[in-house]
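Colleague: Take a look at the following structure, please.
Protein chains: 2
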Amino acid sequence: MGLDQLLKKLKNNGYKVTQQRKAIVQILVLNKGKIISVEELLKQVKKIYSKTNLTTVYRNLEILEHIHLVHKVMNEEGKAYYHINELDSHHHHIICKGCGKTEVVEYCPIDYLSQVAKDKKIRLTEHKIELYGYCEECEKLNGLKEEDDKIH
Amino acid sequence: MGLDQLLKKLKNNGYKVTQQRKAIVQILVLNKGKIISVEELLKQVKKIYSKTNLTTVYRNLEILEHIHLVHKVMNEEGKAYYHINELDSHHHHIICKGCGKTEVVEYCPIDYLSQVAKDKKIRLTEHKIELYGYCEECEKLNGLKEEDDKIH
DNA sequence: TTATATGCAAAAGATTTGCAATATA
DNA sequence: TATATTGCAAATCTTTTGCATATAA
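Have a look at this one:
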């Protein structure tokens, strides 16, 4: 989805298209395929519309998540990261721990897992599958870092 | 693993077995098969050793997680829940959203997913698979709640 | 015009930290 | 006894809320 379509989706859901919303969505699109923290998002948004406030970013991320335009990822420390939803169809992500780059994985074992749950008398309503690793570039950087460690 | 073995594992890792640690592990064992929040854990721990402090609970959960005796689950709001690790072997959990009950799922598609990642030039280092739903009992309670909703 | 959205400041909630006191081995 | 552990209070960090003001439709 392009910027226009995303803004249209906001409008269609009864939300006004404000300067701040435009800037937030724009930055999210610019960071497509990469998770981004809320402060980092604000930092970049301010380059487009400098008046934007942190509270506004939080409030809008909630809205964007609600209409499924963005996806929220919680890290182990309980800090939220966001990225724009690339596909309409169900999928999961591989997230690079070095640079935050995300890759889409279309495979999902949910049907099988639902049956496993059903056998245990549980009705599944949600599932979370998140894969973490290092992309080629970050792997190289890590290698260099390790070299450095050896020297010092 | 029984309480004694768990405390031995603490000792073997160079940690002292304090009153607080004993109480914390005891309560975690008592809540086996169920995720529990930190305050709830403290509340129950205090019944055994009333002097226990919240800070101590946090510090020890970190240790217990580090030696793989407990497993941490983050909810969407960034709040942590813990439960004792039932098995030595790799597995995942189904968590009941009603009562926090956990069920072990031994199936894991990680080998396949690692290959998918490898094809995308990513080396997987971690993965998170969490399944959420409602157990039979909570399902019944939900049903009753819905009945209530219809009446009022 | 008018309801929605924003900014600011303050609050809330979870978790962490420094440091002096305490308990374990 | 020596070192790890704890408790307390304060700090930190992220996120949320109330309310007056500003803005999109």
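Just so you know, the protein sequences line up as chains A and B, in that order. So in the numbering used here, spot 27 of the first sequence is number 27, and the numbers just go up one at a time. So in the numbering used here, spot 132 of the second sequence is number 132, and the numbers just go up one at a time. A virtual CB, placed ideally from N, CA and C, is assigned to each residue, including glycine.
1. What first and last residue would you give for the beta strand (DSSP E) that runs through leucine 131 of chain B?
2. Kindly say whether tyrosine 49 of chain B, judged by its beta-carbon, lies nearer than 8 Å to any beta-carbon of chain A.
3. Just curious, the beta strand (DSSP E) that isoleucine 95 of chain B is in, first and last residue?
4. Given that tyrosine 68 of chain A touches chain B, what residues does it touch there, using C-beta distances under 9 Å?
5. Looking only at C-alpha atoms, which of A:Val116, A:His91, A:Lys97 and A:Ser114 sits nearest to valine 104 of chain A?
6. Which word fits leucine 6 of chain B, buried or exposed, when buried means at least 16 other C-beta atoms lie within 10 angstroms of its C-beta?
7. Whole angstroms are fine: how far does the CA of glutamine 19 of chain A sit from the CA of lysine 51 of chain A?
8. Which residue's Cα is closest to the Cα of lysine 120 of chain A: B:Val57, B:Asn13, B:Ile24 and B:Glu136?
9. Assign glutamate 139 of chain B to one of three DSSP states: helix, strand, or coil.
10. Determine the direct distance from the alpha carbon of lysine 97 of chain A to that of glutamine 26 of chain B, and round the result to whole angstroms.
11. Should glycine 78 of chain A be labelled buried (16 or more other beta-carbon atoms within 10 Å of its own) or exposed?
12. Please confirm if glutamate 130 of chain B has its CB atom under 8 Å from at least one CB of chain A.
13. Between isoleucine 63 of chain A and chain B, is any beta-carbon pair separated by less than 8 Å?
14. Assuming contact is defined by CB atoms lying nearer than 8 Å, are valine 73 of chain A and glutamate 139 of chain A in contact in what I supplied?
15. Taking the straight line between their C-alpha atoms, what separation do you get for serine 37 of chain B and tyrosine 82 of chain B?
16. Is alanine 23 of chain B closer than 8 Å to valine 45 of chain B when the C-beta atoms are compared?
17. Just how far apart, CA to CA, sit asparagine 13 of chain B and leucine 64 of chain B?
18. Of the residues B:Ile67, B:Pro109, B:Cys108 and B:Tyr134, which one's Cα is nearest the Cα of threonine 102 of chain B?
19. For valine 70 of chain B, count neighbouring C-beta atoms within 10 Å of its own C-beta (all shown protein chains included) and say buried if the count is 16 or more, exposed if not.
20. For the alpha helix (DSSP H) containing histidine 110 of chain A, list its first residue and its last residue.
21. Which ranges does the alpha helix (DSSP H) cover as unbroken runs of at least 4 residues, wholly within the stretch 18-55 of chain A, from first to last along the chain?
22. 8 Å is my cut-off, CB to CB: does arginine 59 of chain A come that close to chain B?
23. So, using beta-carbon positions, are histidine 66 of chain B and asparagine 85 of chain B closer together than 8 Å?
Modeller: Once the coordinates are examined:
1. 122-135
2. no
3. 92-96
4. Before going further, note that residue 68 of chain A is histidine rather than tyrosine in the sequence given. The contacting residues do not exist; histidine 68 of chain A stays about 15 Å from chain B at best.
5. A:His91
6. buried
7. 9 Å
8. B:Glu136
9. helix
10. 35 Å
11. exposed
12. yes
13. no
14. no
15. 6 Å
16. yes
17. 10 Å
18. B:Tyr134
19. buried
20. According to the sequence as given, residue 110 of chain A is isoleucine; it is not histidine. Start and end: 110-119.
21. 19-30 and 38-48
22. no
23. no
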